[in-house]
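Per the numbering used here, the very first residue in the sequence shown carries number 1291; after that it's consecutive. Where is the CB? At the ideal position from N, CA and C, for every residue including glycine. Worksheet for the structure shown next.
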Amino acid sequence: MRTDEYARCNALDLAALIRDGGVTVAEVENAARDALAALNPALNVLAGPVPSPPPATHGTFAGVPTLAKDIGWAMAGVPQEMGCLLAEGLRPAEDSEVIRRIRAGGFSIIGRSTTPELGSAFTTESRGIGITRNPWDVSRSTGGSSGGAAAAVAAGIVPLALAGDSAGSIRIPAHCCGVFGLKPSRGRLPTGPQAGEVNSGLTAAHVITRSVRDSAAALDLLAGPDTGYRYTAPSPGGSFLAATERPPAPLRLALLTASPFADTVDAGVIAAAEDTARLCEALGHSIEPIAIAFDADAAIDMLVTIWSANILRAVRRIEAATGRRADADTVEGATLTMIRHGETISAEAYLAALDQMNLFCRRMAIAADTFDAVISPVFASPALPHGVLSHDRRVDPGVEALAEFFADVFRRAPFTVQYNLTGQPAMSVPLHVLDGLPIGTQIAGRPGGEESLLSLAAALESARPWRDTRPPVSAARTGVSA
1291 MRTDEYARCN ALDLAALIRD GGVTVAEVEN AARDALAALN PALNVLAGPV
1341 PSPPPATHGT FAGVPTLAKD IGWAMAGVPQ EMGCLLAEGL RPAEDSEVIR
1391 RIRAGGFSII GRSTTPELGS AFTTESRGIG ITRNPWDVSR STGGSSGGAA
1441 AAVAAGIVPL ALAGDSAGSI RIPAHCCGVF GLKPSRGRLP TGPQAGEVNS
1491 GLTAAHVITR SVRDSAAALD LLAGPDTGYR YTAPSPGGSF LAATERPPAP
1541 LRLALLTASP FADTVDAGVI AAAEDTARLC EALGHSIEPI AIAFDADAAI
1591 DMLVTIWSAN ILRAVRRIEA ATGRRADADT VEGATLTMIR HGETISAEAY
1641 LAALDQMNLF CRRMAIAADT FDAVISPVFA SPALPHGVLS HDRRVDPGVE
1691 ALAEFFADVF RRAPFTVQYN LTGQPAMSVP LHVLDGLPIG TQIAGRPGGE
1741 ESLLSLAAAL ESARPWRDTR PPVSAARTGV SA
């Protein structure tokens, strides 16, 4: 199997070819490793290798190569360094439940994808892993924190890669790299056995793909509670893959283009969201422009508290495992400021922030209750140049400086974190390319509403196929080299 032939296949395509005898598992894996070897020097998507298990012979995705993000996906005995010098050499003792399900589904994990330090930036660059580059323009960011996953999928290295989303970390890289990214509802995928919830419930896990069907089939494989779960999303009416095979019922859709963080949004990004709304209207859905009241300052204060507390907890666990201490030599500037602030947060202040998060969820749910989904941009601009959102910079001590840092970040990423706070599902759909850079459109659904979102996404993909829209650095382009 030639590398360019391999790279043009989605995950379900490859699984079908293997099942029907058109190619062997070994041929597919060799093609994936050839693509990785050819393109990784230009893109830097690989945080490290993973020992190859025996070839899978069963499961929906038997023999399909994938990458596991180097944070949140524990693999027994395999390094999990999280883009962080402090965590160098850290090796979990047991697999996470999602890794168990990925392997049970037949996937072959061929490596760990890059992530920024502790997965806490909207760009994938750090002291620990260097810069991960966008296959559309290597001078641009991939977004973060699942930037290695998104770049690898966009470049055809793997058809699907594991990802996670705490404030936009699936949807923003999908937007920057021109691929499909769904953040599921809170509680849809298991978090065990290492955690009951991640980042106080902000984090949702899933995959980044080139096709809607791959995302839906992977959700069928990964969704559902594990033993001892704290909470789980309601069970769907049927399979998520089946939802992509039927047209959605007429939906009442809202269109939101004003930044909730009171900053400007690129005109081309707004135009892409508006064009998506018109396409939805042409498919039989109704559209209503809306504005949502949003207290940006209160949201920043809440996020500073919750995020800093979780960063402190993560760092303390790494310190205990490695025997190292977090300081200016082992963590980046923004991380160190969050650690120092986290040390000052009282139990009362942390619980008050969780109460505020709960009230925010209620207000957002009431505001959007009359709509089936909300269309908006994903990000305030196309992919940014490297360095703009890096956490490897000085952030002065004190909550005021940290609040300013967070405000600067969320002015550039103003549309995604709301749905981590509420736990609603949301996706980035890659319908547009502007001046050589992809533009995703976010569509956020009701809690537990992944079936409706996937059905709509499949209809959009059918109406305006993006499958053959490839970046300049791609294994699907015969003769392309790194």
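Quiz item: Which two residues bound the contiguous beta strand (DSSP E) that contains serine 1495?
Solution: Residue 1495 is actually alanine in this sequence, not serine. Segment 1494-1499, the beta strand (DSSP E) holding alanine 1495.
Quiz item: Grouping DSSP H, G and I as helix and E and B as strand, with all else coil, what is histidine 1681?
Solution: Reduced to three states, the DSSP call for histidine 1681 is coil.
Quiz item: Between the Cα of alanine 1539 and the Cα atoms of Gly1726, Leu1573, Asp1556 and Ser1529, which residue gives the shortest distance?
Solution: The candidate whose alpha carbon is nearest that of alanine 1539 is Leu1573.
Practice problem: Quick one: grab the DSSP three-state call for glutamate 1319. | Solution: Secondary structure of glutamate 1319 (DSSP, three-state): helix.
Self-check item: Span of the alpha helix (DSSP H) around aspartate 1427
Solution: Counting along the chain, no alpha helix (DSSP H) covers aspartate 1427; the unbroken beta strand (DSSP E) around it starts and ends at 1427-1431.
Self-check item: DSSP state of arginine 1402 mapped onto helix, strand, coil
Solution: If DSSP states are grouped into helix, strand and coil, arginine 1402 belongs with the strands.
Exercise. Within its chain, find whatever has a CB closer than 7 angstroms to the CB of valine 1661; leave out the 5 residues flanking it on each side and keep chain order.
Key: Going by the sequence as given, residue 1661 is phenylalanine instead of valine. Around phenylalanine 1661: Arg1542, Leu1543 and Ala1544.
Quiz item: Which stretch, first to last residue, makes up the alpha helix (DSSP H) that contains alanine 1563?
Solution: Its alpha helix (DSSP H) spans residues 1557-1572.
Quiz prompt | Option in Val1621, Gly1433, Ala1610 and Ala1445 with minimal Cα separation from asparagine 1330 | solution = Cα-wise, what sits closest to asparagine 1330 is Ala1445.
Quiz item: With 16 as the cutoff for other CB atoms within 10 Å, does tyrosine 1521 come out buried or exposed?
Solution: Classification of tyrosine 1521: exposed, given that the 10 Å Cβ count is below 16.
Quiz prompt | Simplified DSSP state of cysteine 1299, which is helix, strand or coil | solution = Correct three-state label for cysteine 1299: coil.
Quiz item: Tell me which same chain residues have a C-beta within less than 7 angstroms of the C-beta of glycine 1486, skipping the five on either side of it?
Solution: For glycine 1486, where only same-chain residues beyond five positions count, the Cβ hits under 7 angstroms are Arg1520.
Quiz item: Looking at the unbroken alpha helix (DSSP H) that takes in isoleucine 1629, where does it start and where does it end?
Solution: For isoleucine 1629, the uninterrupted alpha helix (DSSP H) segment begins and ends at 1623-1632.
Quiz item: Beta carbon of alanine 1366, beta carbon of proline 1382: below 8 angstroms?
Solution: Judged by their CB atoms, alanine 1366 and proline 1382 are nearer to each other than the 8 angstroms cut-off.
Quiz item: Roughly how far, in whole angstroms, is the beta-carbon of valine 1502 from the beta-carbon of leucine 1744, given that I think they are within contact range, below 8 angstroms?
Solution: Yes, valine 1502 and leucine 1744 are in contact; Cβ-Cβ is about 6 angstroms, under 8 angstroms.
Quiz item: For the 8 angstroms Cβ check, are there 3 or more pairs between the segment 1442-1457 and the segment 1315-1330?
Solution: Taking 8 angstroms as the limit for Cβ pairs, the verdict is that the segment 1315-1330 does touch the segment 1442-1457.
Exercise. May I have the straight-line CA-CA distance separating isoleucine 1460 from threonine 1499, to the nearest angstrom?
Key: So the alpha carbons of these two residues sit roughly 10 angstroms apart.
Exercise. List the whole-angstrom C-beta distance separating threonine 1731 from proline 1667, where the pair is believed to meet the contact cut-off of C-beta under 8 angstroms.
Key: That pair is a contact at about 7 angstroms.
Quiz item: Under the three-state reduction of DSSP, which class applies to isoleucine 1447: helix, strand or coil?
Solution: Here isoleucine 1447 sits in coil by DSSP.
Exercise. Measuring alpha carbon to alpha carbon, tell me which of Asp1565, Glu1535, Leu1531 and Ala1532 ends up nearest leucine 1546.
Key: The shortest CA-to-CA distance from leucine 1546 to any of Asp1565, Glu1535, Leu1531 and Ala1532 is the one to Asp1565.
Quiz item: Between leucine 1746 and threonine 1314, what straight-line distance do the alpha-carbon atoms span, to the nearest angstrom?
Solution: Separation of leucine 1746 and threonine 1314 (C-alpha to C-alpha, rounded to the nearest whole angstrom) is 34 angstroms.
Practice problem: Sort out for me which residues DSSP pairs asparagine 1424 with in a bridge. | Solution: In the DSSP output, where bridge partners are listed per residue, asparagine 1424 has Asp1427.
Quiz item: Would you call the segment 1475-1483 and the segment 1501-1516 in contact, with 3 or more CB pairs under 8 angstroms?
Solution: The segment 1475-1483 is in contact with the segment 1501-1516.
Quiz item: Among residues of its own chain, excluding the 5 on either side of leucine 1336, which ones have a beta-carbon nearer than 6 angstroms to its beta-carbon?
Solution: Asn1330 and Gly1401, listed in sequence order.
Quiz item: If glycine 1379 sits next to aspartate 1360, beta carbons under 8 angstroms apart, how far is it from one beta carbon to the other, in whole angstroms?
Solution: Going by Cβ atoms, the distance from glycine 1379 to aspartate 1360 rounds to 13 angstroms, so no, they are not a contact pair.
Quiz item: What do you reckon, are the CB atoms on serine 1403 and serine 1435 nearer than 8 angstroms?
Solution: Not closer than 8 angstroms, so no.
Quiz prompt | Residue from Ser1680, Arg1702, Ser1431 and Ile1665 with nearest C-alpha to cysteine 1570 | solution = It is Ile1665.
Quiz item: Can you tell me the Cα-Cα spacing of leucine 1492 and glycine 1311, whole angstroms?
Solution: C-alpha separation (whole angstroms): 42 angstroms.
Quiz item: What are the partner residues of alanine 1470, as DSSP defines its beta bridges?
Solution: The amino acid occupying residue 1470 in the given sequence is phenylalanine; alanine does not appear at that position. Paired residues: Thr1499.
Exercise. Can you say whether threonine 1432 is buried or exposed, counting buried as having 16 or more other CB atoms within 10 angstroms of its CB?
Key: Per the 10 Å Cβ criterion, buried.
Quiz item: Which first and last residues belong to the beta strand (DSSP E) in which methionine 1717 is found?
Solution: Methionine 1717 -> beta strand (DSSP E) spans 1716-1724.
Self-check item: Sequence-distant residues of the same chain with beta carbon closer than 8 angstroms to arginine 1767, five excluded per side
Solution: Counting only Cβ-Cβ distances below 8 angstroms, and skipping sequence neighbours, we find Asp1294 and Arg1760.
Quiz prompt | Cβ-based burial, serine 1247 [other Cβ within 10 Å; buried from 16] | solution = Coverage of the chain is limited to positions 1291 through 1772, which leaves residue 1247 absent and any answer about it impossible.
Quiz item: Over what stretch of residues does the beta strand (DSSP E) that includes valine 1664 continue unbroken?
Solution: Unbroken beta strand (DSSP E) run through valine 1664: 1663-1667.
Quiz item: According to the Cβ coordinates, are glycine 1471 and serine 1718 closer than 8 angstroms?
Solution: It is a contact, given that the beta carbons lie within the stated cut-off.
Practice problem: Mind checking which residues open and close the beta strand (DSSP E) that includes glutamate 1578? | Solution: Residue range 1576-1579 is occupied by the beta strand (DSSP E) that includes glutamate 1578.
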